[in-house]
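Numbering (the working numbering), first residue to last: 5 to 394.
The beta-carbon is built from N, C-alpha and C at its ideal position, and this holds for glycine as well.
This is the structure we're talking about:
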């Protein structure tokens with residue numbers, strides 16, 4: 005029933021995948037892509053709100069009036085700087101995410117009356133840069149969602165993906181310029197403050213849990229070797245397996261920054277350049293369902309929890325997983341090694357193999373949703389598991 009319904013739309017879903025691929029737009033600039041997706045859903049009988057939740061390129065398409073609400077999360081922002089001309093490109097496969105989420109929403113809507121559920125496709129901009137889902141969570145977008153779903157292309161298939169909580173910090177130091185040889189004693193070296201901060205962070209590493217990741221760059225460090233730098237700065241990403249523990253690490257890093265300012269006499273300004281991302285909460289009941297339905301549809305999971313922990317990044321889907329039960333699955337491509345953000349990925353995200361996996365993933369996610377709809381006690385179990393994990 006699910007496969008037959010999906011097959012009837014297969015060509016349309018492939019065209020969606022191809023259209024988004026051909027129109028790569030950066031985060032918060034996805035005007036062509038978001039309009040295309042919103043209009044597609046409107047033609048399929050969904051009620052559409054666009055723009056949505058305070059974002060010009062976000063939308064919400066909804067179908068049905070009763071039963072649990074299942075939301076599929078679409079992303080459609082591209083990355084910059086590919087090829088000789090440094091063009092935008094979908095090297096993270098967000099064209100595939102968009103078409104897969106759209107396809108699952110359309111197929112489930114066709115079966116919604118039978119399953120007794122409601123369906124939403126939520127268009128979420130700027131995952132790569134701004135992380136719009138963070139603000140969308142704050143604005144209550146997911147308050148009425150019973151279960152959210154998203155699938156992402158990867159190098160292997162995983163139903164137990166790890167995404168770390170992450171905060172970003174910019175540390176800007178202001179000192180006093182002077183001649184480095186003639187009168188260095190008249191200067192205040194802002195770059196020294198940055199170097200001392202690096203030393204402090206390196207000393208801190210042995211006193212935080214092994215899952216913590218602290219990595220950064222120097223963003224400014226002076227203009228000439230014979231001038232004491234009066235301006236210097238650095239950007240750090242700080243990550244941990246849980247938001248709770250990360251919130252204990254951040255003040256220690258900020259204190260190290262304040263200490264380096266005191267040691268040098270430089271003035272310090274701390275900025276939060278990005279929205280805070282939360283860790284992804286995987287719920288056993290949703291993971292078990294994903295294991296069954298993805299294997300039944302020809303995509304058996306190959307990644308163990310131990311393997312997943314070794315290759316963790318961060319995503320704003322993590323914030324969604326704190327707001328409602330969330331099923332997040334990474335889908336590997338057979339025969340091809342997919343590394344997100346690399347130029348080689350551009351040859352894979354709209355390939356025949358990617359399209360095959362799109363159809364299989366749509367069927368798997370719809371199967372999961374229908375199973376949850378006909379056995380609603382599973383949804384309550386998922387909500388309890390989430391409450392216990394938060």
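For residue i and residue j, what's the separation of their Cα atoms in angstroms?
i: residue 349; j: residue 5; result: 33 Å
i: residue 3; j: residue 255; result: Because the chain in this structure spans residues 5 to 394, residue 3 falls outside the shown range and cannot be described.
i: residue 153; j: residue 195; result: 46 Å
i: residue 275; j: residue 11; result: 50 Å
i: residue 145; j: residue 173; result: 27 Å
i: residue 219; j: residue 351; result: 30 Å
i: residue 323; j: residue 264; result: 33 Å
i: residue 208; j: residue 16; result: 53 Å
i: residue 298; j: residue 338; result: 14 Å
i: residue 305; j: residue 164; result: 9 Å
i: residue 51; j: residue 160; result: 35 Å
i: residue 372; j: residue 7; result: 13 Å
i: residue 334; j: residue 303; result: 10 Å
i: residue 343; j: residue 158; result: 7 Å
i: residue 217; j: residue 253; result: 10 Å
i: residue 353; j: residue 26; result: 11 Å
i: residue 78; j: residue 107; result: 10 Å
i: residue 189; j: residue 182; result: 8 Å
i: residue 280; j: residue 49; result: 36 Å
i: residue 91; j: residue 272; result: 37 Å
i: residue 120; j: residue 388; result: 22 Å
i: residue 180; j: residue 148; result: 54 Å
i: residue 237; j: residue 191; result: 17 Å
i: residue 133; j: residue 83; result: 9 Å
i: residue 261; j: residue 215; result: 22 Å
i: residue 251; j: residue 392; result: 19 Å
If distances are taken between C-alpha atoms only, which option among the options comes closest to residue i?
i: residue 369; options: 296, 33, 224, 225; result: 296
i: residue 221; options: 211, 65, 201; result: 201
i: residue 284; options: 318, 182, 309, 308; result: 318
i: residue 330; options: 217, 238, 386; result: 386
i: residue 367; options: 391, 294, 342, 345; result: 294
i: residue 212; options: 183, 243, 327; result: 243
i: residue 327; options: 278, 26, 286; result: 286
i: residue 223; options: 19, 185, 175; result: 175
i: residue 277; options: 252, 215, 241, 310; result: 241
i: residue 291; options: 345, 307, 182, 268; result: 307
i: residue 184; options: 143, 379, 229; result: 229
i: residue 360; options: 18, 8, 9; result: 18
i: residue 257; options: 203, 302, 105, 300; result: 203
i: residue 3; options: 354, 378, 226, 171; result: Summary: the structure shown does not reach residue 3, with the chain confined to residues 5 through 394, and so no result is reported for it.
i: residue 95; options: 21, 345, 392, 13; result: 345
i: residue 309; options: 249, 392, 253, 288; result: 288
i: residue 117; options: 191, 69, 127; result: 69
i: residue 248; options: 168, 192, 261; result: 168
i: residue 150; options: 47, 382, 156, 14; result: 382
i: residue 85; options: 347, 377, 393, 281; result: 347
i: residue 325; options: 390, 13, 29, 374; result: 390
i: residue 61; options: 379, 364, 128; result: 128
i: residue 422; options: 126, 87, 71; result: What is shown of the chain runs 5 to 394, which leaves residue 422 out entirely.
i: residue 363; options: 93, 47, 29, 100; result: 100
Looking only at its chain, what residues have a beta carbon closer than 6 Å to the beta carbon of residue i, apart from the 5 residues adjacent to it on each side?
i: residue 54; result: 42, 63
i: residue 166; result: 312, 313, 316
i: residue 80; result: 24, 34, 37, 98, 102
i: residue 113; result: 67, 123
i: residue 130; result: 31, 32, 81, 136
i: residue 197; result: 177, 264, 265, 268, 270
i: residue 282; result: 169, 247, 322, 323, 326
Is residue i helix, strand or coil when you go by DSSP?
i: residue 242; result: strand
i: residue 374; result: helix
i: residue 279; result: coil
i: residue 99; result: helix
i: residue 118; result: helix
i: residue 54; result: coil
i: residue 47; result: helix
i: residue 231; result: strand
i: residue 143; result: coil
i: residue 18; result: helix
i: residue 319; result: coil
i: residue 365; result: helix
Could you pull out every residue in the same chain whose Cβ sits closer than 7 Å to the Cβ of residue i, ignoring the five residues on either side in sequence?
i: residue 9; result: 111, 114, 115
i: residue 104; result: 155, 362, 365, 366
If we cut at 8 Å on Cβ distances, does residue i have a partner in chain D?
i: residue 74; result: No chain D is part of this structure, which consists of one protein chain only.
Once you ignore the five residues that flank residue i on each side, which residues in its own chain have a CB closer than 8 Å to its CB?
i: residue 143; result: 57, 58
i: residue 357; result: 337, 338, 339, 340
Report task. Would you check if there are 3 or more beta carbon pairs closer than 8 Å linking the segment 137-154 to the segment 216-235? Result -> no
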